[in-house]
Amino acid sequence: MIIDKAEVIVTSPNRNFVTLKLTTDDGLTGLGDATLNGRELAVVAYLTEHVVPLLLGRDAHRIEDTWQFLYRSAYWRRGPVTMAAIAAVDMALWDIKGKAAGMPVYQLLGGASRNGLLAYGHASGTDLPSLFDSVRDHLEQGFKAIRIQTAVPGLKAIYGIAAQAAFTGGGEERYDHEPARRGAKPVEEDWETRPYLLHLPKVFEAVRNEFGPEIPLLHDGHHRMTPIQAARLGKDLEPYDLFWLEDCTPAENQEALRLVRQHTTTPLAIGEIFNTVWDFKDIIRDQLIDYVRGAVTHMGGITALKKTLDYAALYQIKSGMHGPTDISPVGMAAAMHLGLAIHNFGIQEYMKHGARTDEVFQQSFTWQDGLLHPGDQPGLGVELDLDEAGKYPYEQAYLPYNRLSDGTVHDW
Ligand SMILES: [Mg+2]
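Anchor point for the sequence shown: position 100 equals 100 in our numbering, and the numbering is continuous, going up by one each time.
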């Protein structure tokens, strides 16, 4: 089973996606997600110029060997571009192996450890009534866990709040947060931490008063706080029993979480911008987090993220895989197969893709009673319609960035 064709496909149905498609000499195909939000073309170049020529002629069965070859032979290790490229190869090879075996990928990973995957959606609002409407909408869609993001008085634009309703194709209009915006330059947003710290506990109090104590609620701090600010927020939110507080500090400094941990019992999740187990090494070993936010797409694929999650399992730390719309349907399928198979699954982020995206990527996952399941098609269960993909060429898009009121650039 020799790889004899490797294509890099860029399409932008509702947003930009980068997909690697491998074809073997016996005609099997595999897909891998290589989407790196806002820096997509860097991964396209990495794959096209440096990886595709190395794949041709290799044995498609040798997943671990190919992973080690791509990681170690580059000499320059880690980093989001490299690891997204390796992830795409890894996913495509698992997809091919599943098709060769006639089994869904989760069966190859040890079989299902549960019936389905608890998933959380993104509720947001510019004020309490619109936030409550968004929570109700998610409850009606069947979500059993909900992330709460809210505007802060005095700040114009905030991470996690939809700026406007978006037309997603197929006559569908949604009020969703899609942070990457099409255009030649990133959008500038504003931020001040003090009003946020004052406002957020009041929002969670109001949500608990309206919807009761049962529903798991989550919140994303998006790397904006110092350790002592994050520690205070964690303490202030304890009465509202969060499922997790996510990305409370900039993630590069693993030691920062020790200070947060010393002060609060609010569970912590981090790692959506991490690329390898080395970014998680200390915070897992020292039990400074409760959930690993790494995505299959950004952590070097199923092979590498499974090892990280197996390591986390030693410390009762669970998965909380990143899953907004910039994870393509291929990356989401890989996350679902891995999440179904591992013992220490925690929760899966799930933000539905737009109608055009669902036409480009034909998927076999199910969403029932608040649980995701990857389906039982051989491989990952996703096929790419090249004709549909060709209708939507790449469009420049960037994530926004933040400035404080005095003009200082701040973490977005
Ligand atoms: Mg996050």
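Think of the CB as a built atom: it goes at the ideal place given N, C-alpha and C, for glycine as much as any other residue.
Fair warning: this is a prediction, and the values are worked out from it, not measured in the lab.
message: Once DSSP output is grouped into helix, strand and coil, what is the label at E383?
response: strand
message: Which residue marks the beginning of the beta strand (DSSP E) containing W367, and which one marks its end?
response: 366 to 368
- request: Have a look at V52, L28, M103, M91 and flag the residue whose alpha-carbon is nearest the alpha-carbon of A304.
  value: M91
query: Around the Cβ of E272, are there at least 16 other Cβ atoms within 10 angstroms (buried) or fewer (exposed)?
result: buried
- prompt: What is the DSSP secondary structure of D220, counted as helix, strand or coil?
  reply: strand
query: Contact check, G320 vs V292 under 8 angstroms by CB: the rounded distance?
result: 6 angstroms
- request: Take the Cβ of P150 as the centre, count every other Cβ of all protein chains shown within 10 Å, and call the residue buried at 16 or more, exposed below.
  value: Before going on, a small fix: residue 150 reads as Thr here, not Pro. Classification of T150: buried, given that the 10 Å Cβ count is 16 or more.
query: Taking A312 as the reference, which of N344, T297, G339, H337 has the closest Cα?
result: N344
message: In the DSSP output, which residue or residues are listed as bridge partners for N402?
response: E189, H410
field: Residue nearest to P13 in terms of C-alpha spacing, selected from Y392, H410, L404, Y401
entry: Y392
- prompt: Beta-carbon separation of A87 and T297 under 8 angstroms?
  reply: yes
message: Taking only three categories from DSSP, how would you classify Y196?
response: helix
query: Any heavy atom of ligand 1 within a distance shorter than 7 angstroms of the CB on H298?
result: no
message: Between D25 and ligand 1, is there a pair consisting of the residue's CB and a ligand heavy atom that are separated by less than 7 angstroms?
response: no
- request: Answer yes or no: the CB of E252 versus the heavy atoms of ligand 1, is any distance below 7 angstroms?
  value: no
Any 3 or more C-beta pairs closer than 8 angstroms across the region 57 to 70 and the region 274 to 290: no
- prompt: Which partner residues does K5 have in the DSSP bridge list?
  reply: T23
query: Using DSSP with H/G/I as helix, E/B as strand and the rest coil, what is K281?
result: helix
- prompt: To which residues of the same chain is M97 closer than 7 angstroms at the C-beta, ignoring the five residues directly before and after it?
  reply: One detail in the question is off: residue 97 reads as Lys in this sequence, not Met. Cβ within range, chain order: H61, I63, L108.
message: DSSP has T11 in a bridge; who is on the other side?
response: F17
message: Less than 7 angstroms separating the Cβ of D220 from some heavy atom of ligand 1?
response: yes
- request: Can you check DSSP and say which residues form a bridge with I270?
  value: V292
- prompt: Quick one: is V135 buried, meaning 16 or more other Cβ sit within 10 Å of its Cβ, or exposed?
  reply: buried
field: Classification of Q68 by the beta-carbon crowding that lies within 10 angstroms, buried from 16 upward
entry: exposed
message: Do G381 and F365 have their beta-carbon atoms positioned less than 8 angstroms apart in this structure?
response: yes
- prompt: Short check: CB of E192 to CB of S405, under 8 angstroms?
  reply: yes
G125 - containing alpha helix (DSSP H), residue span: Not the alpha helix (DSSP H): G125 falls in the beta strand (DSSP E), residues 117 to 125.
query: Is it the case that the Cβ atoms of D95 and L56 are separated by a distance below 8 angstroms?
result: no
- prompt: Is W244 buried or exposed, if buried means 16 or more other CB atoms sit within 10 Å of its CB?
  reply: buried
- request: Select from L197, A333, G125 the residue whose C-alpha is nearest the C-alpha of E349.
  value: A333
field: Range of the contiguous alpha helix (DSSP H) that encloses R261
entry: 256 to 263
- prompt: CB L36 to CB A101, shorter than 8 angstroms?
  reply: no
query: Just to confirm, does E140 get its C-beta within under 7 angstroms of one of the non-hydrogen atoms of ligand 1?
result: no
- prompt: With contact counted as at least three CB pairs below 8 angstroms, one residue from each stretch, are the region 226 to 239 and the region 190 to 206 in contact?
  reply: yes
query: According to the Cβ coordinates, are H222 and Y120 closer than 8 angstroms?
result: no
Sufficient close CB pairs (3 or more, under 8 angstroms) joining the region 195 to 211 to the region 237 to 255: yes
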